[in-house]
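For the sequence shown, my numbering gives the first residue as 2, with consecutive numbering after it.
For every residue, glycine included, the Cβ atom is placed at its ideal position computed from N, Cα and C.
Below is one structure, written out as structure tokens; comments come after it.
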Amino acid sequence: MYYFYYIKYSGEFMIISFLNQKGGTAKSTLARAVAVEFAKNKWQVQIADMDLTQQTAFKWSIRRAEAGIEPAIDVVVYKDPQTALKAEALNDLLIVDGKAFADSHVIDIAKASDLIVLPVGISTDDLQPTLNLAMELVSKGIKRKSIYFVVCKVLKNGEKEAMTTRSSIEDFNFEVAQGWINMQTAYSQAMDTGRSLTETRYKDLNQTTDKIIEQIFNKANSVMNNGE
Ligand SMILES: Nc1ncnc2c1ncn2[C@@H]1O[C@H](COP(=O)(O)OP(=O)(O)O)[C@@H](O)[C@H]1O
Ligand SMILES: [Mg+2]
């Protein structure tokens, strides 16, 4: 179920990475949803799962394959960014699903990425370290414009907090996607069965995620085409 068509410019590779030093902020979750939507639109996509211990995206791809869900998503587990980044040449889009801890891997991945997506929750515990990471990336020479926040895992009745989180991010001069992704049992059930946040049984939930992914796509394109 999707409502937009991603234009692929021939010969262009794209690397979108999902990073955060915090665990559990929805890196693997968003990475999987973006992979599915691009793959549906005929992009050759690979997820580079950098989390050797958890292998969240890789294990999900096996559940997906076992359930026979199309499109199949190619996920490869890598232990270092250098090897992962080589896969760029074989794909239209390489999605890097980062692991926790802002070690040197994160900087290497960020430097190679066209777009760095930072999924963030609405609590100060989540927001503070994520803003710190964003500022650290900028201090290491990453372009501010290539960093994009997405507010995720918003609990029931958390609209006000989600809005406040979005404004705090903007106060720090970072760009944040409009809207947010709610915490929903239907989302986690979808992932448990090899589906993504755009493949639940509920049209409105799928649509909410689609809108976020569309913004990620537009942002990645604008960074690539305007050299911003
Ligand atoms: N919108 C959501 N609704 C319900 N569960 C979610 C949602 N987003 C993430 N989760 C769950 O939260 C946990 C952490 O998400 P994950 O994407 O694995 O985080 P990370 O990769 O950043 O460590 C997982 O169990 C995942 O299924
Ligand atoms: Mg993960």
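Can you list, in chain order, the residues of its chain whose CB lies under 6 angstroms from that of residue i, leaving out five sequence neighbours each side?
i, result
"Gln208", "none"
"Glu176", "Tyr149"
Once the 5 residues before and after residue i are set aside, which same chain residues still bring their CB inside 8 angstroms of it?
i, result
"Met192", "Thr30, Arg33, Trp61 and Leu198"
"Val77", "Gln47, Ile48, Ala49, Asp50, Phe59, Ala85 and Ala88"
"Leu91", "Gln45 and Gln47"
"Arg64", "Asp193, Thr194 and Gly195"
By the DSSP assignment, the alpha helix (DSSP H) with residue i in it spans what residues?
i, result
"Ser18", "It is not in any alpha helix (DSSP H) - Ser18 instead sits in the beta strand (DSSP E) that spans Met15 to Phe19."
"Leu132", "Thr125 to Ser140"
"Leu156", "It is not in any alpha helix (DSSP H) - Leu156 carries neither H nor E in the DSSP assignment."
"Ile110", "Ser105 to Ala113"
Give a yes or no on whether the C-beta atoms belonging to residue i and residue j are separated by under 8 angstroms.
i, j, result
"Ala40", "Pro82", "no"
"Ala221", "Leu116", "yes"
"Val107", "Phe19", "no"
"Met15", "Met164", "no"
"Lys28", "Gly99", "yes"
"Leu232", "Phe173", "Here the chain has residues from 2 to 229 only, and residue 232 is not among them."
"Ile214", "Gly180", "no"
"Ser114", "Val97", "yes"
So that I know if they touch, is there some Cβ in chain B lying closer than 8 angstroms to that of residue i?
i, result
"Val78", "In the displayed structure, chain B is absent; only one protein chain is listed."
Closer than 7 angstroms by C-beta to residue i: which residues in its own chain qualify, once you throw out the five before and the five after it? Chain order, please.
i, result
"Gly122", "Thr26, Cys153 and Lys154"
"Leu53", "Val78 and Lys80"
"Asp127", "Lys23, Thr26 and Val121"
"Arg202", "Ala187"
"Lys112", "Ile143"
"Met184", "Lys154, Val155 and Leu156"
For my contact list, residue i and residue j are in at a C-beta cut-off of 8 angstroms; report their separation, rounded to the angstrom.
i, j, result
"Leu206", "Ala187", "6 angstroms"
"Ile17", "Ile217", "7 angstroms"
Residue i lies in the beta strand (DSSP E); which residues open and close that run?
i, result
"Val152", "Ile148 to Val152"
"Asp98", "Leu94 to Asp98"
"Leu91", "Neither: Leu91 is in no beta strand (DSSP E) and is coded neither H nor E."
"Ile117", "Leu116 to Val121"
query = Quick one: complete beta strand (DSSP E) runs, 3+ long, within the stretch 11-87?
reply = 15-19, 46-50 and 75-78
query = Which runs of the beta strand (DSSP E), 3 residues or longer, sit entirely within the stretch 168-203?
reply = none
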